[in-house]
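Some notes on the structure that comes next.
Protein chains: 2
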Amino acid sequence: MGASLGEGERRKTAGSALARQQILRPGEASGRVIVLRQGWALRSAITSDGRRQVLSILLPGDIAGGEFLMRDKVRVPVQSLTPVEYCSFDVTYLKEIAGENPAFIWTFVDLCLSSKEASEARLIDLGRRNAEQRLARLILDLHRRLREKGLSNGATIPFPLRQQTVADALGLTQVHVSRVIRSLRQSRILQIRSGQLTILDMDALMATAEFYET
Amino acid sequence: MGASLGEGERRKTAGSALARQQILRPGEASGRVIVLRQGWALRSAITSDGRRQVLSILLPGDIAGGEFLMRDKVRVPVQSLTPVEYCSFDVTYLKEIAGENPAFIWTFVDLCLSSKEASEARLIDLGRRNAEQRLARLILDLHRRLREKGLSNGATIPFPLRQQTVADALGLTQVHVSRVIRSLRQSRILQIRSGQLTILDMDALMATAEFYET
DNA sequence: GCGTGTTTATAACGTAAGTTAAAAACTGAT
DNA sequence: ATCAGTTTTTAACTTACGTTATAAACACGC
């Protein structure tokens, strides 16, 4: 991406990164909205005492850096979890498009509402559900999203998350996540092997998740 | 609001309610965005086992029912906490305005991003902070918002929340909220009397909240 | 295959927060 | 002022999850 690139080429660019790379750093002002094409990524926050809270897990098709639409600095760091490919769009370019085609903006409102709903659902999990329910719901959520994106059809999904990452998403410790996974494994509800998670007993998983209500 | 009202009058309507009334019921399809004018209200969810999680506390000027912009059903119930006054706008009317003045839509994107940021901040609280920190941060958040709205200037703010409500917001029990409040009271950090909360030692409160980082 | 670093498993123990219960303090209506 | 209903306080006891530590299982470069 040298200085010789024309305006046009900067509007949409492609990128990639290895696993565990910072893609957006807080404070940075990239001014670009990123759409993940391949791989998994994380939006997370670090508290002052060094603990981490994962805010959302990004799958192919998901958006990062949406705050640039109205803000000028990155608020939430984004990092790759697996090797990733993504494309990024200049915000001023997106706003130009929106200026010509106002209906386009409603897409952003929709995306924004959806991600707000998702984070409020997580809020309910952390506030009012125990560790087993939280894990079951995380797995069912990933399973549903991967299925919707055509990245999984059966009961098996890719699962590149370390236990520490799961813990940071669920507000637990790695040790306790290990305990809960063992419990679900021993109940023949699920199985995790070589980066793949298999749901052995969907009914039981949904029962522990209390999945009937949002 | 009889059937004889003309179209024009339905676009913007005023309303009021006593304390503890349901203003928006889940499943309902009111198609109206509500702006709170006076009083406090709550957006909350009930889990299948009957526990409650408060998703946000609405102060005068805040918006409820924003999901109607893109959805057709109420997802999150809203109830008044004190007597309230509000006005409501028909969503199709808002979209008309937006059609004539596209920049207006960006306002919604902005509002939506802000409330998403707020709920992600709460997510960090519930996932990674203890009861004392959560309460301190809730109080500082309310203090800041009331100050910004000109509804409080000094160290005293109106505080119409029951301990059970605070508990439902922080993912705790009422009993534990009582314990934490006692601890802060005994440390001469704050005082709650007749619906008013006074911050006696702001530095100490900010220290317990670890307020320097978001 | 071997060594190094990372991740997971398990155990023993600690604690913040939950549960239950009962008394005390409010609140508002009459 | 009195009463009924609600909210808060406090205490005793329980528990889900955290902490610390160590061993086992993986992963991967040479």
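Protein chains in written order, with the working numbering: chain A, 14 to 227; chain B, 14 to 227.
Built from N, CA and C at the ideal position, the CB exists for glycine as well.
In this text the structure is predicted, and so the values were computed from the model without any measurement.
Counting only Cβ-Cβ distances shorter than 7 Å, please list the residues of the region 31 to 59 of chain A near chain B, keeping chain order. A58
Strand pairing of B/T221, partner residues [DSSP]: Its beta-bridge partners do not exist; DSSP assigns none.
List the residues of chain B that A/F121 touches, going by C-beta distances under 7 Å, in chain order. V122
Helix, strand or coil, according to DSSP, for B/S207 in the structure here? coil
Taking the CB atoms as reference points, tell me whether A/S69 and A/S132 lie closer together than 9 Å. yes
What runs of the alpha helix (DSSP H), each 4 residues or longer, lie entirely inside the region 86 to 116 of chain B? 104 to 113
Member of A/K108, A/A77, A/S165, A/G208 whose CA lies at the smallest distance from the CA of A/Y99: A/A77
Taking C-beta pairs closer than 9 Å, name the residues in chain A that B/G63 reaches, listed in chain order. Residues of chain A passing the Cβ test: none, with the nearest at roughly 10 Å.
Only counting the same chain, and skipping five residues up and downstream in sequence, which positions put a Cβ closer than 7 Å to that of B/I110? So the qualifying residues of the chain are F117.
Starting from B/E133, find everything on chain A with Cβ-Cβ shorter than 8 Å and list it in chain order. A58, L68, V89, S132
With DSSP as the reference, label B/S127 as helix, strand or coil. helix
Quick check: what's the CA-CA separation for A/V190 versus A/Q177? 8 Å
Buried or exposed: where does B/Q209 fall if 16 or more other Cβ atoms within 10 Å of its Cβ makes it buried? Label assigned to B/Q209: exposed.
Looking only at its chain, what residues have a beta carbon closer than 7 Å to the beta carbon of A/R158, apart from the 5 residues adjacent to it on each side? Non-local C-beta neighbours of A/R158 in its own chain, meaning closer than 7 Å and more than five positions away in sequence, comprise L72, ordered along the chain.
Any Cβ of chain A within less than 9 Å of the Cβ of B/S128? yes
Three Cβ pairs or more, each shorter than 8 Å: is that satisfied between the region 160 to 167 of chain A and the region 25 to 39 of chain B? no
Near-chain A residues of the region 69 to 85 of chain B (beta-carbon distance less than 9 Å), N- to C-terminal order: S69, G79, E80, L82, M83, R84
Mark B/T221 as exposed unless 16 or more other C-beta atoms lie within 10 angstroms of its C-beta, in which case mark it buried. buried
In this structure, does DSSP put A/T169 in helix, strand or coil? Residue state, collapsed to three classes: strand.
Would A/F81 and A/V104 be called neighbours here (beta carbons separated by less than 9 Å)? yes
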